[in-house]
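**Student:** If you read the protein sequences in the order shown, they are chains U, G, E and S. 2 is the number of the first residue of the first sequence in this note's numbering; add one for each residue after it. -17 is the number of the first residue of the second sequence in this note's numbering; add one for each residue after it. 5 is the number of the first residue of the third sequence in this note's numbering; add one for each residue after it. 10 is the number of the first residue of the fourth sequence in this note's numbering; add one for each residue after it.
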Amino acid sequence: MTEAWIDAMQILASTLRLATPLIFCAMAGMFSERAGVVDIGLEGKLLMGAFAAAAVASLTGSPWAGLGAAIFASVALALVHGFACITHRGDHIVSGVAINILASGLTVVIGIALFTMGGQTPPLDRAERFRPITLPFADQVADIPVLGPLYAELLSGHNILVYAALAAVPLASIVLFATSFGLRLRAAGEAPEAVDSAGYSVTWLRYRAVIITGVLCGIAGAYLSTAHGGGFVREMSAGKGYIALAALIFGKWRPVPTLFACLLFGVLESSAARLSGVSLPVVGQIPIEVILIAPYVLTVILLAGFFGRAIPPRALGVPYVKER
Amino acid sequence: QDFKPAVVFDMGGKFDKSFNEGVWNGVKRFMDETGVEVMEFEVTNETQREQAITRMAQRGADLVLGVGFAQADAIDKVAQDYPDTKFAIIDVYWLDQPNLRQYRFEEHEGSYLAGVAAALASESGTVGFVGGMDVPLIRKFACGYVQGVMDTKADATVLQNMTGTTPSAWNDPTKGAELAQSQIDRGADVVYHAAGGTGLGVIRQVADSGKLAIGVDSDQESVAPGSVLTSMLKRVDNAAYDTMMDAMNGEFTPGIVSLGLEEDGVGIVENEANAELLTPEIREAVEAAKAKIISGEIEVHNYEDDQACPS
Amino acid sequence: MSGPLPRWADVLVIPLINVALAFLVAGGVVALIGENPLAALRVMIEGAFVYPGSLGYTLYYATNFVFTGLAVAVAFHARLFNIGGEGQAAIGGLGVMAVCLTLDPYLPGVLVIPLAILGAALFGGAWAFLPGFLQATRGSHVVITTIMFNFIAAGILVWLLTGPLIRPGQSTPQTRNIAPDATIPTVHEIARALGFEASSSPLNLSILLAAAAAFGVWVLIWRTPFGFRLRTLGESEPAARYAGVPVPSMVVATMVISGALAGLMATNAVLGAQEKLVNNFTAGFGFTGIAVALMGRAHPVGIVMASLLFGALYQGGTELSFAYSTLDRNMVLVLQGLIILFSGALAHMLDGPLSRLFAPRRRLPSTP
Amino acid sequence: MTEPSTAGAVHPDPAIELIGISKRFGQVQANDDVSLSVRAGAVHGIIGENGAGKSTLVSILSGHYQADSGTIRLFGEEVKLASSADAIRLGIGMVHQHFMLVPNFTVIENLMLMTAKAPFLTASRKEVLSRLAEIGEKYGLTVDPQRVVETLPVGLQQRVEIIKALLAGGRILILDEPTGVLTPDETDRLFESLAVLKARGVTILLITHKLREIMAVTDDVSVMRRGRMVAGRRTADTDRQELAELMVGRTVTMVTNETARPAGPPVLTASGLSLTDAAGVARLSDVSFTLHAGEIVGVAGVAGNGQSELLNILAGLDVPTAGQFTVAGRTVSAAAPADPRAMRRLGVAHVPEDRRREGLVLPFAMSENSVLGYLDEARGRRPWLLETRRMRARCQSLMDRFDVRPANPRLAASGFSGGNQQKLVIAREHGAGPAVLLVGQPTRGVDIGAIEFIHRELLALRDAGCAILLVSVELDEILALSDRVIGMNGGRIVGTLAAAEADRRRVGLLMAGIGGTAEIAAGAQELSA
Ligand SMILES: Nc1ncnc2c1ncn2[C@@H]1O[C@H](COP(=O)(O)OP(=O)(O)OP(=O)(O)O)[C@@H](O)[C@H]1O
Ligand SMILES: Nc1ncnc2c1ncn2[C@@H]1O[C@H](COP(=O)(O)OP(=O)(O)OP(=O)(O)O)[C@@H](O)[C@H]1O
Ligand SMILES: [Mg+2]
Ligand SMILES: [Mg+2]
């Protein structure tokens, strides 16, 4: 029993690690989409952030400098998206696709130019990474039944960005639902003309939203390459940005349900790691591909509205035009 | 200078600290010693291989070295198109072209030694193996490793995971780290990888958890100093170096070249750097096993012979 | 504010300026890296046209892009954004193999080839059916479902290529070769058979199919009642409903046609060039189709031109890797992203300034 | 924030002075050198035809748009209104023609959207609640702050808008066509509130199309036409006739349906048509009537009372949830639905209410628009291909016949003026030689010359034996053309009047939901009381 419990805690801990970039990205997307800007470019910003973090961490030796660079790079892409979608009323999806492709090209091109290692960064050593933090007394309490493993295995021993991701959820809730800024941001995604007539600039609100999106995606990227991973490899975002977007939709653009959606996708991934090659009772060995495509299949089923339909913000993807 | 050799690295990249990098080290040694320029290309996509190899031949390469079994088809085809160019490929033994040399390594033998070392270094009695792409070649590693462990410690447990089924499995360190962590969670305290770039994540995660890793292909001590018990060497550097030298000196021969323990084509790292981890007892046991394998007293099962692993 | 642009400016000048901007920014990146952008461009141009066989490669890539570009364009006209070209092409490849692996031992090539082409279109179309159907009936956004279907297609392909379809006794995820007589002949083979010198390239007769597809799409969109309805739907859904266009089935039909076109890419890549199904053979060409369609303004002629440009970029880009240690073909990806950005998302950035430039006399006297 | 001045203390300077305001949108000169002066504490009306520039003018005053040129003074001081924020700061509150509310926010969230200054909402919430109580006390305007706006009836939503405007400072309140969406009852309550506001010293600017309302509540009235301010009057010194003529710029002599005609055989019979929307709201309830050949039946009603739904069902765009209708021997119901193409084949043509969204594809050439819904007209020898030449020829003849200018089939529809766009739509439907013509708002946003032309064509079509169902919110249009008038309210038919008995008052009562002859008499007394 305790064995199984410890196992469960370990799987959940792995889930948490795998869900962290999803949580950051989904919260990022929430700000942008709640303000009316579709962000299919989460993937690109994530990748760019991952690259910038690893590159700068490797060059400076500091993961914090890497984190700063990731945020900077990701915000820069977010601003490009804003420039196209907010200022020039471009198609949000086209712009997002452009950013994803741009990021997957730029990371490799700059990577090769900087490190001539085929687009990867050098592996980061310990000092250049965010390291796991063992919470106080984790070792002491580990043997206490039930709660001990919960604390020692699940909660303790993650790097600071995992905790930051967990903090990002209530923080996003507060910003979106308990501040004037959040109120107006949400209104900009529902009825921008109402915000405008109330005397607030829709453009500036949306820009601030995409900047927040950039910041959060940057952190997610830094997590991928300097906390969870130990360096950048090409295409290391591997569709996580899209999955985060799916989680956002699945979570109906609300922080807590979105968190759970991210964790669900995280569980699928972590069990994929553990189930590979393992023969289960009854079903036998599950082909790894089945587990790997499960999140995508699940997303399609969710989108089809079989688990309740998600109603997006009304003005999502609609450029705000005052004068035709 | 007239001699123009070329090398086409595969997915994982020439700095994977592992397989491709091993080849690169051999190529570098060749360049340093002879001053000859070697053209190179890194494949990042399945569809590039044939074009890259063709392009090398087209650009007048005298020898094109392909790295890895994935290039087998492409090199087979181009070798026919360019009968005057010499070709070589590593980890392939099933082709038949008059201008092609193929290198085959007895990885199961080296892995057996890694298994012996792992079994002796493990305190928990559970050791792990993380493979890259799930292909017979990597099963061959796993199979030899398991045999080495079990022969040494009959009650040991060996945990095994493969990273994936496509070439991208060679280059997913984060996944490697998660797999290693899951093995550590299940009690493993020595983890051997045969996963190319993915293995970097394995070693890092193992080191972070204070356990021991066994590297592969090249000496991977430098990835996590103090945490790498040893590395299973696969002297692809020698293969690369020899091919180029032979081709330059007009001694190129087609056919299959097999490299095992006896030829020093495989082995494990025993040097100053891992003196503390790889204790004299372990070294002794490893040496003994090596002698027995060479003498034929121990027969290490080769997965590729029957696509099966007796367990 | 000013009036609309003259048509020729809209069709010709704006796309050219947008592409020029993309090249400019990409050149900036090259310069930043410390290489001479003009020299790099020269390497690419030589790599695309000058070396033996390079033109063949250029046209081979262009053929792929015509199919995926047309796929995106057809959907565009109905205001559907099919990002699933990648997955549809992959499944199209499966369609080719489904026919070839089962029939090529029994039937002569001349019969297998048309069936395989049909298989590519059918499978590709079928793969787009569900996203279209979900969009039409459940309102699931086709953009996200097609992205998901790309991942699912990749997963299925990997599973099949590492399992049931893998060539026996092999490690590489790929099928056995198609019987030689059941593949689409390459151009160099034909040329050599006719006694000409020709360096080998994957260029094959699928290029004719691509040309036919481009013409067919033009007829379909602008000359048939179906195309009229499709365009009506794209411009205004209320007007389409008013005119009696059955909107849901139109959405599904459009997606299926779009998917079939993307699937046809497999005839070029699988049936023509590789002669077997290789994992990941789509290599991002489905996404390139987006850039091609945007740059070609969703018109077949524009798409053919844009495909040639991208074909040259892809072929020339590979040469970058040979010529430089600091640059490689991913530069083309950067360029592709920039082209989508400038000719898609920022398409109207220049409308204002340009229309002022073009129509100074048409400006009405404005109140002071 | 400025408190509204107390009752009686009227400011000496005009509350609002607009001098030489001009505003252009692309090709449209929406405001052309407009000047306007509004007395402090007065209710000032602005009238004008559709597109005259009224909304544009007040949007400039509320900072929503910026004028290209001109000066604005408030209470004697020149001000710059660079954004809505400036106007709000200066105490100008605006109730827009289209509500500026976030539908799925609560009332209080909508109010905080404008007022919240502190970073966190808790503080603002308290403040808004107390201000809300204050407004309730002072002006009698109350609303449940926790309700989600979209669940409120339109009248209450409008009240939220007014409260929002008052929260802004409440010195000046602008209402842009506030009654267009209201029931007569709600309208009355609105005007009561306005009276209270006026008594409290708020200056009110009211835009409306309804001359009755102008006469009832304003002190002064200004008239706009084609972007210009053409007249200003004390309400007491003018009458409806004069205002109407000022509005359209000449004496109104519209074609009217003089010749009473014997009704032909029935061609369309509807019985018990009902429509319930996805949210479960009944949009149309138990509508039954018969349409005869050679008659025009006018459907009168305030917008949103089921007329659009009725048109859509008859045109095959919507499927009735209950009931059925029969035309040309075919019965259409939920069990046997028909699509628009099927309806056209049965001889039912349809001029949709919204020509820009439905009736036309604006980027398409006129020739393509001329076959929208009638693709058979464009097919040549090979029926799977469209023949461009045929299409153009057909369009050309329609254009000539209906005097569409410029008569060039190759031009995109977007380049034509509203009137000409509408003429093409009517020409197209007319050209199909229909047995039944469904017409929605045929002259909305169309100028008077085109109105005359369109009316004449409709009457001619009727004389040729076509049955016409005419839906219009313009009472005058209904009265001028109809052989019979159906009054609709809340999705039901309230009553039917023959041409002879239909007059403004009676039809107005029907629209207000008061049907039946006896009821009408009673209602009339009630209203005049
Ligand atoms: N945002 C805009 N962009 C372009 N043109 C506009 C815009 N708003 C209004 N117009 C045009 O300006 C003119 C005046 O419009 P406005 O809305 O002021 O008229 P209105 O008098 O309020 O009409 P209505 O009675 O129909 O509300 C019209 O021709 C209209 O089409
Ligand atoms: N809301 C609008 N947005 C953009 N353009 C408009 C708008 N309303 C009108 N236009 C354009 O402005 C031009 C003049 O339109 P307007 O309706 O004022 O013409 P008009 O003289 O009233 O003609 P008509 O008598 O036929 O209505 C036309 O080209 C029309 O397309
Ligand atoms: Mg108006
Ligand atoms: Mg007009």
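C-beta: ideal position from N, C-alpha, C; glycine also. Here the structure is a predicted model, which is why all the values come from computation and not from measurement.
1) List the endpoints of the continuous beta strand (DSSP E) containing residue 255 of chain E.
2) To which residues of the same chain is residue 304 of chain U closer than 7 angstroms at the C-beta, ignoring the five residues directly before and after it?
3) Which residues of the segment 106 to 138 of chain S have a Cβ closer than 9 angstroms to any Cβ of chain U? Give them in chain order.
4) Please determine, among E/258, E/311 and E/138, the residue with the shortest C-alpha to C-alpha distance to residue 215 of chain E.
5) Can you tell me which residues form a DSSP beta bridge with residue 388 of chain S?
6) Given a threshold of 16 other Cβ atoms within 10 Å of its Cβ, counted over all protein chains shown, does residue 119 of chain S qualify as buried or as exposed?
7) Taking Cβ-Cβ distances shorter than 7 angstroms, what residues in chain G pair up with residue 11 of chain U?
8) List the residues of chain U that residue 84 of chain E touches, going by C-beta distances under 7 angstroms, in chain order.
9) Please report the Cβ distance between residue 183 of chain S and residue 67 of chain S, rounded to the nearest whole angstrom; I am assuming they are in contact, meaning their Cβ atoms lie under 8 angstroms.
10) Using a Cβ-Cβ distance under 9 angstroms, would residue 297 of chain U count as near chain E?
11) Measure how close the beta-carbons of residue 207 of chain S and residue 52 of chain S come, nearest whole angstrom, since I'm counting them as under 8 angstroms.
12) What is the C-beta distance between residue 70 of chain G and residue 102 of chain G, in whole angstroms, given that I count them as a contact (C-beta under 8 angstroms)?
13) Please state the DSSP three-state secondary structure of residue 522 of chain S.
14) Scan the segment 123 to 210 of chain U and note each continuous alpha helix (DSSP H) run of 4 residues or more that stays entirely inside, going in chain order.
15) Quick one: what does DSSP say residue 55 of chain E is sitting in, helix, strand or coil?
16) Starting from the C-beta of residue 3 of chain G, find all residues in its chain whose C-beta is less than 8 angstroms away, skip the five residues before and the five after it, and write them out in chain order.
17) Relative to chain E, which residues along the segment 101 to 123 of chain U have a C-beta separation below 8 angstroms, given in chain order?
18) Looking only at C-alpha atoms, which of S/500, S/402 and S/60 sits nearest to residue 379 of chain S?
19) Mind checking residue 9 of chain G: buried by the 16 CB within 10 Å criterion, or exposed?
20) Can you look up residue 8 of chain S in the DSSP assignment and give me helix, strand or coil?
21) Which residue marks the beginning of the alpha helix (DSSP H) containing residue 101 of chain E, and which one marks its end?
22) Going by beta carbon distance, what residues of the same chain come within less than 8 angstroms of residue 349 of chain S, once the five residues before and after it are set aside?
23) Taking 9 angstroms as the threshold (C-beta atoms), are residue 466 of chain S and residue 435 of chain S in contact?
24) Considering only residues of the same chain and omitting the five flanking positions on each side of residue 320 of chain S, which have a CB-CB separation below 6 angstroms?
25) Any beta carbon from chain U within less than 9 angstroms of residue 7 of chain E's own beta carbon?
26) From the DSSP output, in three-state form, read off residue 325 of chain E for me.
27) When burial is assigned at 16 or more other CB atoms within 10 Å of the CB, is residue 153 of chain S buried or exposed?
28) Evaluate contact between the segment 51 to 58 of chain U and the segment 102 to 114 of chain U, counting only Cβ atoms and requiring at least three cross-stretch pairs below 8 angstroms.
29) Please state the DSSP three-state secondary structure of residue 216 of chain G.
30) To the nearest angstrom, how far is the alpha carbon of residue 72 of chain S from that of residue 94 of chain S?
31) Which one of E/101, E/83 and E/304 has the shortest CA to CA distance from residue 128 of chain E?
32) Please list the partners that residue 222 of chain G has in chain U, where partner means a Cβ-to-Cβ separation under 9 angstroms.
33) Determine contact between the segment 319 to 339 of chain E and the segment 80 to 92 of chain E, defined as no fewer than three beta-carbon pairs at a distance below 8 angstroms.
34) Using a Cβ-Cβ distance cut-off of 9 angstroms, determine whether residue 241 of chain U contacts chain S.
35) What's the C-alpha gap between residue 232 of chain U and residue 123 of chain U?
36) Just to confirm the assignment: which complete beta strand (DSSP E) runs, minimum length 3, are found wholly within the segment 152 to 188 of chain E?
**Tutor:** Concretely, from the data shown:
1) Your numbering for residue 255 of chain E matches position 251 in the third sequence. Where residue 255 of chain E is concerned, there is no enclosing beta strand (DSSP E), although the alpha helix (DSSP H) it sits in stretches over 251 to 270.
2) Working through the first sequence from its first residue, we reach residue 304 of chain U at position 303. 250.
3) 107, 108, 109, 110, 111, 112, 113, 114, 118, 119, 121, 122, 123, 124, 125, 126, 127, 128, 129, 130, 131 and 133
4) If you number the third sequence from 1, residue 215 of chain E lands on position 211. Among E/258, E/311 and E/138, the Cα nearest to that of residue 215 of chain E is on E/311.
5) For the purposes of this step, residue 388 of chain S is identified with residue 379 of the fourth sequence, where counting begins at 1. Paired residue(s): S/395.
6) The count along the fourth sequence starts at 1 and reaches residue 119 of chain S at position 110. It counts as buried.
7) Position 10 of the first sequence holds residue 11 of chain U. Correct list: 167.
8) Against the third sequence, residue 84 of chain E aligns to sequence position 80. Within 7 angstroms Cβ-Cβ: nothing; residue 84 of chain E doesn't reach chain U, min ~11 angstroms.
9) Residue numbering aside, residue 183 of chain S sits at position 174 when the fourth sequence is read from its first letter. Residue numbering aside, residue 67 of chain S sits at position 58 when the fourth sequence is read from its first letter. Their Cβ separation, rounded to whole angstroms, is 5 angstroms, which keeps residue 183 of chain S and residue 67 of chain S in contact under 8 angstroms.
10) Here residue 297 of chain U refers to the residue found at position 296 when the first sequence is read from its first residue. Chain E contact via Cβ: present.
11) As a first step, residue 207 of chain S must be located in the fourth sequence, where it is residue number 198. As a first step, residue 52 of chain S must be located in the fourth sequence, where it is residue number 43. The pair is a contact, with the Cβ atoms about 6 angstroms apart (cut-off 8 angstroms).
12) On the second sequence, residue 70 of chain G is found 88 positions in, with the first residue counted as 1. On the second sequence, residue 102 of chain G is found 120 positions in, with the first residue counted as 1. About 37 angstroms; that fails the 8 angstroms criterion.
13) The sequence position of residue 522 of chain S within the fourth sequence is 513, counting from 1. Correct three-state label for residue 522 of chain S: coil.
14) 139 to 142, 161 to 179, 181 to 191 and 193 to 198
15) Looking up residue 55 of chain E in the third sequence gives position 51. DSSP places residue 55 of chain E in coil when its eight states are reduced to three.
16) Position 21 of the second sequence holds residue 3 of chain G. Excluding sequence neighbours, residue 3 of chain G sits near -4, -3, 199 and 200.
17) 101, 102, 103, 104, 105, 106, 107, 109, 110, 111, 113, 114, 117 and 120
18) The residue labelled residue 379 of chain S in the question sits at position 370 within the fourth sequence. Checked all of S/500, S/402 and S/60; the closest Cα to residue 379 of chain S is S/402.
19) Here the question's residue 9 of chain G lines up with position 27 in the second sequence. That one is buried.
20) There is no way to answer for residue 8 of chain S, as the model of chain S reaches only from 10 to 538.
21) Taking the third sequence and counting its residues from 1, the one referred to as residue 101 of chain E is at position 97. Start and end: 89 to 107.
22) In the fourth sequence, the residue the question calls residue 349 of chain S occupies position 340. Answer for residue 349 of chain S: 324, 325, 326, 359 and 382, listed in chain order.
23) On the fourth sequence, position 426 is the one that residue 435 of chain S refers to. On the fourth sequence, position 457 is the one that residue 466 of chain S refers to. Yes, Cβ-Cβ distance for residue 435 of chain S and residue 466 of chain S is below 9 angstroms.
24) Locating residue 320 of chain S in the fourth sequence gives position 311, where the first residue counts as 1. Here the set comprises 447, 449 and 480.
25) Counting from one through the third sequence, the residue named residue 7 of chain E turns up at place 3. The predicted position of residue 7 of chain E is uncertain, since its pLDDT is 47 and thus under 50; a value taken from the coordinates is nonetheless stated next. No, because no Cβ of chain U sits closer than 9 angstroms to the Cβ of residue 7 of chain E.
26) In the third sequence, counting from the first residue as 1, residue 325 of chain E sits at position 321. Note: residue 325 of chain E maps to helix in three-state DSSP.
27) The count along the fourth sequence starts at 1 and reaches residue 153 of chain S at position 144. Per the 10 Å Cβ criterion, exposed.
28) yes
29) Against the second sequence, residue 216 of chain G aligns to sequence position 234. Three-state DSSP puts residue 216 of chain G in a strand.
30) Here residue 72 of chain S corresponds to residue number 63 of the fourth sequence, with the count starting at 1. Here residue 94 of chain S corresponds to residue number 85 of the fourth sequence, with the count starting at 1. Using only the alpha carbons, I get a separation of about 7 angstroms.
31) On the third sequence, residue 128 of chain E is found 124 positions in, with the first residue counted as 1. Measuring from the Cα of residue 128 of chain E, the nearest candidate turns out to be E/101.
32) For the purposes of this step, residue 222 of chain G is taken as the residue at position 240 of the second sequence. By Cβ distance, chain U contributes nothing, its closest Cβ being about 17 angstroms from residue 222 of chain G, past 9 angstroms.
33) no
34) In the first sequence, the residue the question calls residue 241 of chain U occupies position 240. By this cut-off, residue 241 of chain U is not an interface position.
35) For this step, residue 232 of chain U is matched to residue 231 along the first sequence. For this step, residue 123 of chain U is matched to residue 122 along the first sequence. When rounded, the distance between both Cα atoms is 6 angstroms.
36) none
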